[in-house]
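Reviewing the structure listed below.
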Amino acid sequence: MDITSAILDPEMGCTAFTVERITYTRTRSGTGVHSRTAHARGCIHPGTPETIKLLPEEERNETFIVIYTDYPLSTGTPENAGAVSFTAPDRIRWNNQTWRAIRVRDWQGFGYVQALAVLMQEM
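Under this note's numbering, the first residue of the sequence shown carries the number 71, and numbering increases by one thereafter.
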């Protein structure tokens with residue numbers, strides 16, 4: 071069962087957003103930073119009381135959203151001592167705010183990804 075058509079349906083609340091993926095690469099001269107942005111679409115909803123229970127304790131007081139999209143969002147890759155590069159959690163720019171992906175559930179068998187994202191405080 072593929073529900074991509076429902077996620078991308080404007081009548082179901084489909085909206086456009088931007089995903090920024092930051093990659094850090096270690097070099098002999100230091101750490102290089104590369105940022106890549108992509109345009110994606112999907113349904114974004116406020117977090118519900120049921121969903122908040124899925125968050126780690128330290129993030130339960132944060133403002134968060136739930137994203138349903140066919141774009142492969144990521145919570146980043148871990149920084150290992152021997153690794154040459156690693157990625158930070160995706161940043162989702164939507165509704166004039168920036169959100170950080172903290173949990174991603176891959177439901178590609180059904181045509182979508184579900185992500186929880188917390189509001190980042192702009193400095």
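Using N, Cα and C, we set each Cβ at its ideal position, and we do this for glycine too.
Bounds of the alpha helix (DSSP H) holding proline 119 are 119 to 122. Counting C-beta pairs with one atom in each stretch, the segment 178 to 192 and the segment 71 to 78 have three or more that are closer than 8 Å, which means they touch. In the DSSP assignment, glutamate 90 is bridged to Thr107, Arg161.
Around the CB of alanine 158, 16 or more other CB atoms lie within 10 Å, so the residue is classed as buried. The C-beta distance from alanine 185 to arginine 170 rounds to 10 Å, too long to fall under 8 Å, and the pair is not in contact. Cβ neighbours of threonine 93 within its own chain (closer than 6 Å, five residues either side excluded): His104, Ser155, Thr157. One alpha carbon belongs to proline 116, the other to arginine 98, and they sit about 44 Å apart.
Just measuring C-alpha positions, the residue of Gln191, Ala187, Ile162 sitting nearest threonine 118 is Ala187.
Distance check between threonine 121 and each of Gly112, Ile137, Asp160, Thr95 places Ile137 closest, using alpha-carbon atoms only. Sixteen is the threshold: since fewer than 16 other Cβ atoms of the shown chains lie within 10 Å of the Cβ of leucine 189, the residue is exposed.
Looking at Asp160, Thr95, Asn166, Arg111, the one whose alpha-carbon comes closest to that of glycine 146 is Asp160.
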